[in-house]
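S.K.: Counted the way the working numbering counts, the sequence shown spans residues 67 to 464.
Glycine included, every Cβ here is placed at the ideal spot set by N, Cα and C.
Encoded as structure tokens, here's the structure I'll be asking about.
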Amino acid sequence: MGIPFIPLNDNGLYFDNAATSFPKPRAVVDAIHHYLTEIGANAGRSGHYRSQQAGELVFSARRELARLFGLRDPMRAIFTANTTEALNLAIGGLCRCGGHVVTGPLEHNSVIRPLRYLAKVGTIRLTVLHGDRQGRFDADDLRRALRTDTLLVALNHASNVTGAVQSLAPLGDICQRQGVPLLVDGAQSAGVIDIDLRRDGVSLLAVAGHKGLYGPTGTGALLLHDDFEHQRLQLLKQGGTGSLSNRTEQPDFLPDRFESGTLNLAGIAGLTAGIRCLRQLPDGLEAVLTHKQALVQHFIDRSRQQLDGFICYNDDTRPNAGVVAFNLRGVDNALLQERLSERYYICGRSGLHCAPLAHQVLGTYPQGTMRFSFGLFNTVSEIDRAIDALAAIAHEVI
Numbered sequence: 067m068g069i070p071f072i073p074l075n076d077n078g079l080y081f082d083n084a085a086t087s088f089p090k091p092r093a094v095v096d097a098i099h100h101y102l103t104e105i106g107a108n109a110g111r112s113g114h115y116r117s118q119q120a121g122e123l124v125f126s127a128r129r130e131l132a133r134l135f136g137l138r139d140p141m142r143a144i145f146t147a148n149t150t151e152a153l154n155l156a157i158g159g160l161c162r163c164g165g166h167v168v169t170g171p172l173e174h175n176s177v178i179r180p181l182r183y184l185a186k187v188g189t190i191r192l193t194v195l196h197g198d199r200q201g202r203f204d205a206d207d208l209r210r211a212l213r214t215d216t217l218l219v220a221l222n223h224a225s226n227v228t229g230a231v232q233s234l235a236p237l238g239d240i241c242q243r244q245g246v247p248l249l250v251d252g253a254q255s256a257g258v259i260d261i262d263l264r265r266d267g268v269s270l271l272a273v274a275g276h277k278g279l280y281g282p283t284g285t286g287a288l289l290l291h292d293d294f295e296h297q298r299l300q301l302l303k304q305g306g307t308g309s310l311s312n313r314t315e316q317p318d319f320l321p322d323r324f325e326s327g328t329l330n331l332a333g334i335a336g337l338t339a340g341i342r343c344l345r346q347l348p349d350g351l352e353a354v355l356t357h358k359q360a361l362v363q364h365f366i367d368r369s370r371q372q373l374d375g376f377i378c379y380n381d382d383t384r385p386n387a388g389v390v391a392f393n394l395r396g397v398d399n400a401l402l403q404e405r406l407s408e409r410y411y412i413c414g415r416s417g418l419h420c421a422p423l424a425h426q427v428l429g430t431y432p433q434g435t436m437r438f439s440f441g442l443f444n445t446v447s448e449i450d451r452a453i454d455a456l457a458a459i460a461h462e463v464i
């Protein structure tokens with residue numbers, strides 16, 4: 067794909083990019099090294115030149131995020147430790163006592179757990195949409211679920227189980243018309259599928275730095291639409307910001323209102339480099355999506371031809387974020403993961419993938435599935451090697 071990646075050092079195959087992308091582009095590693103060896107200081111905490119360089123680094127990252135996701139104001143990119151923290155900031159910040167929230171059937175536990183908790187303690191009333199056999203639903207489903215007291219719609223953009231993609235723009239249009247904020251979990255889609263907050267009607271977007279954006283772990287962001295009133299979000303944490311140090315109240319302006327404490331500056335340096343790598347691709351994110359979908363389709367087609375008992379849970383007629391869920395009939399997926407790792411150095415993930423609702427929709431609860439999730443660096447020849455390994459394991463076990 068034209069991006070130099072740090073090579074794997076054990077001749078293994080890495081198909082677990084839905085958890086964390088690996089390996090990373092060389093530019094990401096170089097950017098982290100540069101911060102740690104050439105800058106080193108904290109941003110916004112001092113006036114010396116190294117602190118100023120750190121501040122410039124952070125602003126560059128905000129600008130890259132704003133450019134990628136359709137924000138005019140880079141200060142509306144709020145850094146978090148991960149998607150989970152970003153989602154909790156949005157959910158906890160918007161959900162007030164007595165309100166109603168709508169969510170979908172493919173949600174990761176980072177969404178459904180805080181919502182279930184708030185429903186359990188009586189803070190909100192929760193509606194979970196059903197959708198089709200892949201968990202997708204349409205604008206009419208959402209329209210019927212909205213009520214006069216709906217505070218929030220929180221939806222998964224791309225499933226971390228099957229890669230199924232939910233169309234955003236029709237849902238965003240309904241939410242805008244009804245005056246209901248739309249919170250999108252973009253953990254699997256950011257860096258893979260083009261998302262524009264203005265075009266798609268997204269009020270809040272939570273993204274992971276360490277997945278499709280190819281940054282390091284410990285990085286994420288909550289992006290706020292330019293027209294979203296940030297004061298609507300209640301504070302979940304308060305503390306030092308490096309600004310207004312003479313006051314004992316939390317600053318009200320962005321991004322300081324939501325960024326207390328020292329940021330992960332080394333991680334942010336790497337995240338910036340990862341986004342710039344994506345922007346350097348000749349066809350941008352379209353090239354990323356095309357590459358990942360081609361790998362998924364090749365895996366499914368060849369597995370159906372060569373693997374007896376291959377069961378695939380994907381809808382291979384619709385867009386996919388680069389994830390495939392499957393089982394081999396008669397082979398426990400936990401055993402399959404163990405054999406793939408220990409004998410063939412192939413990294414995938416078995417089980418429920420922190421998304422029990424999605425597996426209930428697929429009919430794979432509670433046993434779960436095996437999951438392969440592909441990255442920019444993966445190739446067709448690697449997939450062929452993995453299928454040969456699956457065939458050998460199936461022959462041994464069955």
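1) Check whether the stretch 311-326 touches the stretch 172-188, counting contact only when three or more Cβ pairs, one atom from each stretch, lie closer than 8 Å.
2) Considering only the beta carbon of each residue, do Ala360 and Asn226 sit closer than 9 Å?
3) Using C-beta distances below 7 Å, list every residue in its chain close to Pro451, excluding the 5 sequence neighbours before and after it, in chain order.
4) Starting from the Cα of Ile464, find the closest Cα among Val94, Leu394, Thr356, Gly110 and give me that residue.
5) Check whether the Cβ atoms of Gln316 and Gly305 lie closer than 9 Å to each other.
6) With a threshold of 16 other CB atoms inside 10 Å of the CB of Val446, please say whether the residue is buried or exposed.
7) Can you check the stretch 319-403 for any alpha helix (DSSP H) of at least 4 residues that lies completely inside it and give the ranges in chain order?
8) Give me the residue from Arg162, Pro73, His99 with the minimum Cα distance to Gly333.
9) Count the other CB atoms, across all protein chains shown, that sit within 10 Å of the CB of Ser309; report buried if there are 16 or more and exposed otherwise.
10) Give the secondary structure of Thr314 by DSSP, where H, G and I count as helix, E and B as strand, and everything else as coil.
11) Starting from the C-beta of Arg133, find all residues in its chain whose C-beta is less than 6 Å away, skip the five residues before and the five after it, and write them out in chain order.
12) Given a cut-off of 9 Å on the beta-carbon distance, is the pair Ile459 and Ser369 in contact?
13) Can you give, in chain order, each stretch of the beta strand (DSSP E) that sits fully within the stretch 245-272 and has at least 3 residues?
14) Where do the ends of the alpha helix (DSSP H) carrying Ala143 lie?
15) Nearest CA to the CA of Asn371: which residue from Leu456, Leu249, Gly110, Gly68?
16) Does DSSP put Gly407 in a helix, in a strand, or in coil?
17) Excluding the five sequence neighbours on either side, which residues of its own chain have a C-beta within less than 7 Å of the C-beta of Ala120, listed in chain order?
18) Using 8 Å as the cut-off, can you tell me whether the stretch 197-208 makes contact with the stretch 168-175, which would need three or more C-beta pairs spanning the two stretches below that distance?
19) Taking 9 Å as the CB-CB cut-off, is Gly252 touching chain C?
20) Using C-beta distances below 6 Å, list every residue in its chain close to His291, excluding the 5 sequence neighbours before and after it, in chain order.
21) Please state whether the Cβ-Cβ distance between Leu288 and Leu137 is less than 9 Å.
22) Identify, in the order they occur along the chain, each residue of the same chain with its Cβ nearer than 7 Å to the Cβ of Ile377, setting aside the five sequence neighbours on each side.
23) In this structure, how does DSSP classify Phe443 when only helix, strand and coil are distinguished?
24) Measuring CB to CB, does Ile190 end up less than 9 Å from His166?
25) Excluding sequence positions up to five away, which residues of its chain have a Cβ less than 6 Å from the Cβ of Ile157?
26) Here's a check: name, in chain order, each residue in its chain whose Cβ is nearer than 7 Å to the Cβ of Lys28, leaving out the five neighbours to either side.
27) Whole angstroms is fine: what's the gap from Val124's alpha carbon to Pro89's?
28) Closer than 8 Å by C-beta to Ser255: which residues in its own chain qualify, once you throw out the five before and the five after it? Chain order, please.
29) Please state the DSSP three-state secondary structure of Val194.
30) Whose CA, out of Val273, Thr356, Asp398, Arg111, lies closest to the CA of Glu462?
31) Shortest alpha-carbon distance to Leu160 belongs to which of Leu218, Thr146, Arg116?
M.R.: This is what the structure gives:
1) no
2) One-based indexing of the sequence shown puts residue 360 at position 294. One-based indexing of the sequence shown puts residue 226 at position 160. The answer is no: Cβ separation not under 9 Å.
3) One-based indexing of the sequence shown puts residue 451 at position 385. The sequence given here has Arg at residue 451, not Pro. Excluding sequence neighbours, Arg451 sits near Leu79.
4) Locating residue 464 in the sequence shown gives position 398, where the first residue counts as 1. Among Val94, Leu394, Thr356, Gly110, the Cα nearest to that of Ile464 is on Leu394.
5) Locating residue 316 in the sequence shown gives position 250, where the first residue counts as 1. Locating residue 305 in the sequence shown gives position 239, where the first residue counts as 1. Yes, the pair counts as a contact, with Cβ atoms nearer than the cut-off.
6) Numbered from its first residue, the sequence shown carries residue 446 at position 380. With fewer than 16 other Cβ atoms within 10 Å, it is exposed.
7) 331-345, 350-372
8) Position 267 of the sequence shown, counted from the first residue, corresponds to residue 333. For the residues Arg162, Pro73, His99, the minimum Cα distance to Gly333 belongs to His99.
9) By one-based count along the sequence shown, residue 309 stands at place 243. Looking at its Cβ environment, which holds fewer than 16 other Cβ atoms inside 10 Å, Ser309 is exposed.
10) In the sequence shown, residue 314 corresponds to position 248, counting from 1. Thr314 falls in the coil class under three-state DSSP.
11) Position 67 of the sequence shown, counting from 1, holds the residue named residue 133. Same-chain partners within the cutoff: there are none.
12) In the sequence shown, the residue the question calls residue 459 occupies position 393. In the sequence shown, the residue the question calls residue 369 occupies position 303. Contact: no.
13) 248-251
14) Along the sequence shown, one-based indexing puts residue 143 at 77. From DSSP, Ala143 is part of no alpha helix (DSSP H) but of the beta strand (DSSP E) over 143-146.
15) Looking up residue 371 in the sequence shown gives position 305. As written in the sequence, residue 371 is Gln, which differs from the Asn given in the question. Comparing Cα positions, the closest option is Leu456.
16) Position 341 of the sequence shown, counting from 1, holds the residue named residue 407. The sequence as given places Ser at residue 407; Gly does not occur at that position. Ser407: helix per DSSP, three-state reduction.
17) For the purposes of this step, residue 120 is taken as residue 54 along the sequence shown, with counting starting at 1. The residues are Ile105, Ala107, Asn108, Ala109, Leu331.
18) yes
19) Although the question refers to chain C, the structure presented lacks it and comprises just one protein chain.
20) One-based indexing of the sequence shown puts residue 291 at position 225. Taken in chain order, the residues that qualify are Leu263, Ser269.
21) For this step, residue 288 is matched to residue 222 along the sequence shown. For this step, residue 137 is matched to residue 71 along the sequence shown. Going by C-beta atoms, Leu288 is not nearer than 9 Å to Leu137.
22) Here residue 377 refers to the residue found at position 311 of the sequence shown. Cβ neighbours of Ile377 beyond the five flanking positions: Phe392, Asn393, Arg395.
23) What you label residue 443 is simply residue 377 of the sequence shown in a count that begins at 1. Reduced to three states, the DSSP call for Phe443 is coil.
24) Taking the sequence shown and counting its residues from 1, one reaches residue 190 at position 124. Taking the sequence shown and counting its residues from 1, one reaches residue 166 at position 100. Yes, the Cβ-Cβ distance between Ile190 and His166 is below 9 Å.
25) Here residue 157 refers to the residue found at position 91 of the sequence shown. For Ile157, where only same-chain residues beyond five positions count, the Cβ hits under 6 Å are Pro180.
26) It is not possible to answer for residue 28, since the shown part of the chain is limited to 67 through 464.
27) On the sequence shown, residue 124 is found 58 positions in, with the first residue counted as 1. On the sequence shown, residue 89 is found 23 positions in, with the first residue counted as 1. For Val124 and Pro89, the distance between alpha carbons rounds to 24 Å.
28) As a position in the sequence shown, residue 255 is number 189, starting the count at 1. Contacts found: His223, Ala224, Val231, Ile261, Gly278, Ala387.
29) For this step, residue 194 is matched to residue 128 along the sequence shown. Reduced to three states, the DSSP call for Val194 is strand.
30) In the sequence shown, counting from the first residue as 1, residue 462 sits at position 396. For the residues Val273, Thr356, Asp398, Arg111, the minimum Cα distance to Glu462 belongs to Asp398.
31) Your numbering for residue 160 matches position 94 in the sequence shown. The candidate whose alpha carbon is nearest that of Leu160 is Leu218.
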